[in-house]
Amino acid sequence: SGSDDGKVKLWSTQESGAIMQIDVRVNVSSVCFSPSSSNTVAVGSADHMVRLYDLRNAALPLTTFQGHCKAVSYVSFLSDNEVISASIDSTLRLWDVGDGSQVRTFTGHRNSRNFVGMSVDRDFIACGSETSEVFVYCKAISQPIATHPFCAAQQAGFISALAQCSLLCQARSY
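Structure representation (structure tokens):
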């Protein structure tokens, strides 16, 4: 788990308290485990950065991905070697875990003040928008390959959650 106190905590269902803690020292908005290693986590934070940690030696991050202009709201692994991040700067960014470089910036959706939902599936990323639409991106293309509106402009809200499946689901904030 991650929280506004700047700490990432690892929990066990067999223990009453956290079994490990990483002091990130800035509000933590998202934590995601690597799909292939239970020792690797990506952490998104309010200081516009994504940090990659090895839990076996978590005093310092393995890599810090820098490029967002505002808080990072979500992080996820697309593969063992790729991390995707969403920010309230209205961008998604794809990062190379191996060399720490930014591979691509995705634009088109609007996310300037709310944390909108994001879901990944291999080469595809779906994210919500403050325009009450879902945007779908292919990791090879910076612009959306599909969009889907959920309601009329006068009823507009923002998409705050997405589920990973072949169906689009909506969770709306009022």
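Residue numbers (UniProt numbering): 1 to 174. Here a beta-carbon is modelled for each residue, glycine too, at the ideal position from N, C-alpha and C.
1. Taking three-plus beta-carbon pairs below 8 angstroms as touching, is the segment 143-153 in contact with the segment 55-67?
2. For D54, which residues of its own chain have a beta-carbon under 7 angstroms away from its beta-carbon, when the five flanking residues on both sides are left out?
3. I'd like the ranges of any alpha helix (DSSP H) spanning at least 4 consecutive residues and lying wholly in the segment 11-72.
4. State the Cα-Cα distance for the pair D96 and S112, rounded to the nearest angstrom.
5. Give every residue of the same chain whose Cβ lies closer than 6 angstroms to the Cβ of S76, excluding the five residues on either side of it in the sequence, and list them in chain order.
6. Per DSSP, which residues does A86 bridge with? Please list them.
7. What's the call for I19, buried or exposed, on a 16-neighbour Cβ count within 10 Å?
8. Kindly indicate which residue of P35, G100, S37 and V28 has the alpha-carbon position closest to the one of N43.
9. Reducing DSSP to helix, strand and coil, say where F124 ends up.
10. Thinking S73 and F124 are a contact (beta carbons under 8 angstroms), I'd like their distance in whole angstroms, please.
Considering the structure as presented:
1. no
2. Taking the first residue of the sequence shown as position 1, residue 54 is located at position 54. Excluding residues within five positions, the ones whose Cβ falls inside 7 angstroms are N39, T40 and L62.
3. none
4. Here residue 96 refers to the residue found at position 96 when the sequence shown is read from its first residue. Here residue 112 refers to the residue found at position 112 when the sequence shown is read from its first residue. Each residue's Cα considered, the two are about 25 angstroms apart.
5. Counting from one through the sequence shown, the residue named residue 76 turns up at place 76. Result list for S76: C32, I84 and V120, in chain order.
6. Against the sequence shown, residue 86 aligns to sequence position 86. Note: A86 sits in a beta bridge opposite Y74 and L92.
7. In the sequence shown, the residue the question calls residue 19 occupies position 19. So I19 counts as exposed.
8. By 1-based counting over the sequence shown, the position of residue 43 is 43. The sequence shown places Val at residue 43, rather than the Asn named in the question. Comparing Cα-Cα distances from V43 to each of P35, G100, S37 and V28, the minimum goes to V28.
9. If you number the sequence shown from 1, residue 124 lands on position 124. Note: F124 maps to strand in three-state DSSP.
10. One-based indexing of the sequence shown puts residue 73 at position 73. One-based indexing of the sequence shown puts residue 124 at position 124. Not really, about 19 angstroms apart at Cβ, beyond 8 angstroms.
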